[in-house]
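All remarks here apply to the structure that follows.
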Ligand SMILES: [Zn+2]
Ligand SMILES: [Zn+2]
């Protein structure tokens, strides 16, 4: 089913001279609980994983509580569904996993990213190992584990977070209430998305540089506790009534609580070489 974001009240590129060239395409994923397969792009579903390949486990030195805890699936994205993603040569399947154990810096949870060629997977792993979280506070670590969701990708245009814009352009934008309101309306979409810009209004924007080569990184995948209301509620879902299961599945499809405060985070990839380490930053 198609999901459509309401058109902006007016065109920011027309209202503010010079901002048009900073427009960024992004793909809202509109995840909804479902039963995706290893052949699909999805959040939290089963991965197309070779039976012969060891499942990734957390090796972070500060993950004392659960040394070697199996990592959890965040997303699987196919190149055919997301031509916007720069895949390394020969790869057509992106798999993102992360650790749900406790770390001293939860703003930067360890993640593991695999770029593979789907055709190389001859025999698929049937039962991926899962972390044993028995005895833990209900929902504490569990809130980092996404419920399996199918995707309904939608392409829209965003603009960079203001700290990424040239200072004079931001000053000009801020000087006019109408322009600033319009920028806030369209700049950064909430919810799960591929590409585009992250909102850094809660925490400071970190240096978004590749740890290997120093090149600027870009938002590969944003994960979010909420899909957003108002303009961000898809036109097709406006009939859903607050408090009903349908509404809950729309607003919190994955059941994740990012950053333990109803916030969001993003996996950032090197814009020079996607094989350099992908880093997770949250608010
Ligand atoms: Zn860990
Ligand atoms: Zn790099």
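In the numbering used here, the protein residues as written are 888 to 1170.
Every residue, glycine too, gets a C-beta built ideally from N, C-alpha and C.
This structure is a prediction, so every number in the text was calculated from the model and none was measured.
Terminal residues of the beta strand (DSSP E) in which residue 916 lies: No residue range can be given for residue 916, since it is assigned to no beta strand (DSSP E) and is classified by DSSP as neither H nor E.
Close beta carbons around residue 1144, own chain, < 6 Å, minus the five adjacent residues each side: Contacts found: 1030, 1112.
Buried or exposed (CB count within 10 angstroms, at least 16 for buried), residue 1085: By the neighbour-count rule (16 or more Cβ atoms within 10 Å), residue 1085 is buried.
Neighbourhood of residue 1152 by C-beta distance below 7 Å, restricted to the same chain and skipping five residues each side: So the list reads 1110, 1145, 1146, 1167, 1168, 1169, 1170, once near-sequence residues are dropped.
Proximity of residue 958 and residue 945 at Cβ, strictly below 8 Å: In contact: residue 958 and residue 945 (Cβ atoms closer than 8 Å).
Chain-order list of residues whose beta-carbon lies under 7 Å from that of residue 998 (same chain, five-residue window excluded): Apart from sequence neighbours up to five positions away, the residues of its chain that approach residue 998 with a beta-carbon distance below 7 Å are 983, 984, 985, 1154, 1165, 1167, ordered along the chain.
Segment limits, alpha helix (DSSP H) that includes residue 1128: In the DSSP assignment, residue 1128 falls outside any alpha helix (DSSP H), carrying neither H nor E.
Beta-carbon contacts of residue 927 that lie in its chain and below 6 Å, excluding the five residues immediately before and after: Cβ-Cβ distances below 6 Å link residue 927 to nothing in the same chain once the five nearest sequence neighbours on each side are left out.
Check whether residue 937 and residue 1037 have beta carbons under 8 Å apart: Not a contact, by the Cβ cut-off of 8 Å.
Proximity below 8 Å, CB of residue 915 to CB of residue 1105: Result no, Cβ atoms of residue 915 and residue 1105 do not sit closer than 8 Å.
Cβ neighbours of residue 900 in the same chain (closer than 8 Å, five flanking residues each side left out): So the qualifying residues of the chain are 906, 907, 910.
Helix, strand or coil at residue 1045 [DSSP, three-state]: In the structure shown, residue 1045 falls within a strand segment according to DSSP collapsed to helix, strand and coil.
Within 8 Å, strictly: CB atoms of residue 890 and residue 917: Yes, Cβ-Cβ distance for residue 890 and residue 917 is below 8 Å.
Proximal residues to residue 1159 (C-beta, below 6 Å), its chain only, five neighbours per side dropped: If we look at residue 1159 and ignore the five residues flanking it on each side, its Cβ neighbours are 1100, 1102.
Alpha carbon of residue 960 to alpha carbon of residue 987, nearest angstrom: Straight-line spacing of the CA atoms in residue 960 and residue 987 works out to 10 Å.
Supposed close pair residue 904, residue 1108 - CB separation, criterion 8 Å: At roughly 32 Å, the Cβ-Cβ gap does not stay under 8 Å, so residue 904 and residue 1108 are not in contact.
Residue(s) in a DSSP beta bridge with residue 1096: According to DSSP, which records beta bridges pairwise, residue 1096 is partnered with 1103.
Residue from 1012, 981, 992 with nearest C-alpha to residue 1004: For the residues 1012, 981, 992, the minimum Cα distance to residue 1004 belongs to 981.
Residue 947 to residue 1075 span [Cα, whole Å]: Their backbone Cα atoms lie some 31 Å apart in a straight line.
Outcome for residue 1070 when other beta-carbon atoms lying within 10 angstroms are tallied against a minimum of 16: It is buried - the Cβ of residue 1070 has at least 16 other Cβ atoms within 10 Å.
Closer than 7 Å: residue 997 CB and nearest ligand 1 heavy atom: For residue 997, the CB falls within less than 7 Å of some heavy atom of ligand 1.
Rounded straight-line distance, which links the Cα of residue 1136 to that of residue 913: The alpha-carbon atoms of residue 913 and residue 1136 are separated by roughly 22 Å.
DSSP-derived helix/strand/coil call for residue 1155: Strand, per DSSP.
Bridge partners - residue 992, DSSP secondary structure assignment: In the DSSP assignment, residue 992 is bridged to no other residue.
Meets three-Cβ-pair contact criterion under 8 Å: the region 891-898 and the region 1120-1138: These segments touch.
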